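Q: Under our numbering, the residues of the sequence shown are numbered 600 to 707, in order.
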Amino acid sequence: MATTYDFPSDLLAGQEELHQVRSELSALLKRLPWSVEPLDGFSDTGGWRKVERPASPGWTADEQAEVEKLRQREHELAVFVSTHRFWSEIETEKRVDARTRLKHAHEA
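Dropping the structure here:
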């Protein structure tokens, strides 16, 4: 039988927000131009795979600020979740299993 864990509500909330922030950041980065700075496009067909990029207008100051804000929040949440007092209450050999279950708790 699989072990179940009684995760504290603040830890569950922190993990859920971490999922949300990472999702927002990923979606934002997919929408933004490939280069932060304005750069010309290029095509490299000489390597083992073809690489092409269109010209990049770069990111606006607002876009850079939004990425930085999300990255900072992601870092804060990752530190909060990984250093939560709950982990010291779990036997060392069960922590990986507990961490995996926390990551997927929102799916239940």
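The C-beta atom is built at its ideal place from N, Cα and C for all residues, glycine as well.
If you're wondering where the values come from, they're calculated on a predicted model, not measured in any experiment.
Measuring CB to CB, does leucine 669 end up less than 9 angstroms from leucine 624?
A: Taking 9 angstroms as the Cβ cut-off, leucine 669 and leucine 624 qualify as a contacting pair.
Q: CA-CA distance, alanine 626 and aspartate 609?
A: The alpha-carbon atoms of alanine 626 and aspartate 609 are separated by roughly 26 angstroms.
Q: With DSSP as the reference, label leucine 631 as helix, strand or coil.
A: Leucine 631: coil per DSSP, three-state reduction.
Q: Our contact map puts alanine 654 next to aspartate 643 with C-beta atoms below 8 angstroms; I'd like the distance itself, whole angstroms only.
A: The pair is not a contact, with the Cβ atoms about 15 angstroms apart (cut-off 8 angstroms).
Q: Taking 6 angstroms as the limit between beta carbons, can you name the residues of its chain near arginine 672, skipping five residues before and five after?
A: Taken in chain order, the residues that qualify are Val620.
Q: Thinking just about the alpha-carbon of each residue, which of His703, Arg694, Arg652, Asp661 is nearest to the one in phenylalanine 641?
A: The candidate whose alpha carbon is nearest that of phenylalanine 641 is Arg652.
Q: Which residue from Trp658, Gly646, His683 puts its Cα closest to that of glutamate 636?
A: Of Trp658, Gly646, His683, the residue nearest in Cα terms is Trp658.
Q: Using CA atoms only, rank isn't needed, just tell me which of Gly645, Leu611, Thr602, Ala601 is closest to histidine 683.
A: For the residues Gly645, Leu611, Thr602, Ala601, the minimum Cα distance to histidine 683 belongs to Leu611.
Q: Counting along the chain, where does the beta strand (DSSP E) carrying arginine 652 start and finish?
A: Unbroken beta strand (DSSP E) run through arginine 652: 650 to 652.
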